[in-house]
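Student:
There are 2 protein chains.
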Amino acid sequence: MENVAPAVQGRRRAGRPPQPVLGSSRITKAALRLIARDGYKGLTMSALARLLNVAPSALYNHVSSKQDVLLLVEDHLMAGVDISGFAAGTWQQGVRCWAWSYRNVFARHTPLIPVIAVLPVTNAPQTVKMYEAVTAGFQAAGWAPERIIDAIVALESFIFGSAFDVNAPAEIFDAGELAADAPLFTQAVARRGAGTGAAAGAAAGAAERPVSSSDAAFGLGLEALIDGLWAHRTMAR
Amino acid sequence: MENVAPAVQGRRRAGRPPQPVLGSSRITKAALRLIARDGYKGLTMSALARLLNVAPSALYNHVSSKQDVLLLVEDHLMAGVDISGFAAGTWQQGVRCWAWSYRNVFARHTPLIPVIAVLPVTNAPQTVKMYEAVTAGFQAAGWAPERIIDAIVALESFIFGSAFDVNAPAEIFDAGELAADAPLFTQAVARRGAGTGAAAGAAAGAAERPVSSSDAAFGLGLEALIDGLWAHRTMAR
DNA sequence: CCACTATATGAATGCCATTCATTTTAGTTA
DNA sequence: TAACTAAAATGAATGGCATTCATATAGTGG
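Chains as they are written, first to last, in the numbering used here: chain A, 875 to 1111; chain B, 875 to 1111.
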């Protein structure tokens, strides 16, 4: 028979290959490369298969749906969230460090947020690891155990919402023809960030001048949340 | 010729109809009915056309894309956000009332959030009207004009993130087999909300016992944000 | 009255996730 | 070692999706 040896870069024969071609790790990395190159609209099962030099249907031996792929990506990204501040400094510094890095990571991956926010953390080891470190930081700071999760959820909600805001265009608050009906709002938009000085923390928790509107809003809200939550850390509900 | 009069409920002939069949308002209402019945996965251009007794392509004479339909829906919903608290009470009461209703409205419409958070408010009159009322409330309370928008964006980010949380299943923090690796986190999840009493505001701003975990987290975060932001209302950045 | 524009139909297009029958190979067990 | 089972690939469907285009008809402004 012909076709005894496969062509160098040619099509694979059908059937289980001698060496494994796919696997969760390879799928995750390919998905990340695809997202980096083409964004989330470019992340299709066909494109993923093409990049892995595989038929689309082969992916379904390793993931049960595209949602599964998103889960893999999400958990991989969680490892990039900085939890080191909880061990190193005060609770406030730990939260600042964690929240800025968390937002910055997912600002480039907002399509994952509707998935993360609603899917159980089961089988997401990096995610669980992150929550464990954050919980430890809260406990060490003397938080009442029954309020820790609520506080984390509140911070996370703010972080997720803020990640969307990073991708908003500069003119998002341009009322256009409706400006005449909203004079106060239009004026406030025009004067946004006119002041100087620095109260908002930057990426590593240092006090720097925010470089963008979304940074300013995030810094303001985060400092407000840190102060406000701290005041409630032991009060009864 | 036959077919002089159209059948009672039969197919319309091709060509412009004597009376207008579609229009932004009718499309918006049909979309809302569809969402209420089948959720956002049921909101397809085909289903919309079917409900309106029209061919799918006819919709494109009134909207330029499905995103346009989502915009129409979004702006319609904004009218349901309660801004009356800003005129009636203190700034704190106004924000509470607004934030709870805003979250409650969009908790049932989370697929809109990625759209809202990123699309300009131009041609969204209800949305602009809402922002105008909120801005007025901030100004009346003595906020520095250059910080108002940042504060609103911070609150809105928290609201959007919290809207997702409403739809999270109860077992979202169940670590499953990973529980052994995250003892502190697992314990905190188990003890979540074990306390009693009430500090969190409920829907209308009254101090009631939160009925769900997401209500508790939202109440805690909102009160923290209100306190923390108020402290920063005039400080220089 | 005539050209133009608005608005409908219906048929196509191309992309997408997913499924299924089939094939080949890797382990596991007798 | 032979036989059986499970894993993992191919390639050809399937059905749904948003969107486009050619065509037909009706109101409107010159």
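A virtual CB, placed ideally from N, CA and C, is assigned to each residue, including glycine.
Quick one: Cα of lysine 915 of chain B to Cα of alanine 1014 of chain B, how far?
Tutor: 42 Å
Student: Mind checking whether leucine 1029 of chain A and alanine 973 of chain A have CB atoms under 8 Å apart?
Tutor: yes
Student: Buried or exposed: glycine 959 of chain A, going by 16 or more other Cβ atoms within 10 Å of its Cβ?
Tutor: buried
Student: Output yes if chain A places a C-beta closer than 8 Å to the C-beta of glutamine 967 of chain B; else output no.
Tutor: no
Student: For my contact list, isoleucine 1023 of chain A and valine 969 of chain B are in at a C-beta cut-off of 8 Å; report their separation, rounded to the angstrom.
Tutor: In fact, because the Cβ distance is near 24 Å, the residues do not count as touching under 8 Å.
Student: Considering only the alpha carbon of each residue, which of B:Gly963, B:Arg982, B:Ile1026, B:Ser975 lies closest to methionine 947 of chain B?
Tutor: For the sequence presented, residue 947 of chain B should be read as valine rather than methionine. Ranking the options by Cα distance to valine 947 of chain B, first place goes to B:Arg982.
Student: Does the CB of asparagine 1041 of chain A have a neighbour CB from chain B at under 8 Å?
Tutor: yes
Student: Report the three-state DSSP secondary structure of proline 1084 of chain B (helix, strand or coil).
Tutor: coil
Student: Does DSSP put methionine 919 of chain B in a helix, in a strand, or in coil?
Tutor: helix
Student: Name, going along the chain, the residues of the stretch 911 to 930 of chain B whose beta-carbon falls closer than 7 Å to a beta-carbon of chain A.
Tutor: Listed by position along the chain: nothing, the set is empty.
Student: Hey, glycine 1011 of chain B and valine 979 of chain B: beta-carbon distance below 8 Å or not?
Tutor: No; because the gap between Cβ atoms is not below 8 Å, this pair is not in contact.
Student: Valine 989 of chain A and leucine 951 of chain A look like a contact to me (Cβ under 8 Å); what is the Cβ gap, rounded to whole Å?
Tutor: About 12 Å separates the two Cβ atoms, so there is no contact after all.
Student: Report yes or no: do the stretch 1045 to 1058 of chain B and the stretch 996 to 1008 of chain B share at least 3 C-beta pairs separated by less than 8 Å?
Tutor: no
Student: Between glycine 1067 of chain A and chain B, is there a C-beta pair that is closer than 8 Å?
Tutor: Closer than 8 Å: yes.
Student: Any idea what DSSP makes of leucine 993 of chain B, helix, strand or coil?
Tutor: Assignment of leucine 993 of chain B by DSSP, reduced to helix, strand and coil, places it in the coil class.
Student: Using alpha carbons as the reference points, say which of B:Lys903, B:Val1040, B:Tyr1005, B:Gly1102 lies closest to aspartate 1089 of chain B.
Tutor: Of the candidates B:Lys903, B:Val1040, B:Tyr1005, B:Gly1102, the one whose C-alpha sits nearest the C-alpha of aspartate 1089 of chain B is B:Val1040.
Student: For valine 928 of chain A versus leucine 906 of chain A, is the C-beta distance shorter than 8 Å?
Tutor: no
Student: Report all residues from its chain with a CB closer than 7 Å to the CB of leucine 986 of chain A; omit the five preceding and five following residues, and keep chain order.
Tutor: Leu944, Val947, Glu948, Phe980
Student: Comparing C-alpha positions only, which one of B:Gly1102, B:Ile1033, B:Ala991 sits nearest to alanine 1091 of chain B?
Tutor: B:Ile1033
Student: Determine, using beta carbons only, whether threonine 1119 of chain A comes closer than 8 Å to chain B.
Tutor: Summary: the structure shown does not reach residue 1119 of chain A, with chain A confined to residues 875 through 1111, and so no result is reported for it.
Student: Taking the alpha-carbon of arginine 1021 of chain B as reference, which of A:Lys1003, A:Tyr934, A:Arg1065, A:Ala1007 has the nearest alpha-carbon?
Tutor: A:Arg1065
Student: Output needed in chain order: residues of the stretch 937 to 963 of chain A with a Cβ under 7 Å from some Cβ in chain B.
Tutor: none
Student: Between methionine 1004 of chain A and serine 1031 of chain B, what straight-line distance do the alpha-carbon atoms span, to the nearest angstrom?
Tutor: For methionine 1004 of chain A and serine 1031 of chain B, the distance between alpha carbons rounds to 22 Å.
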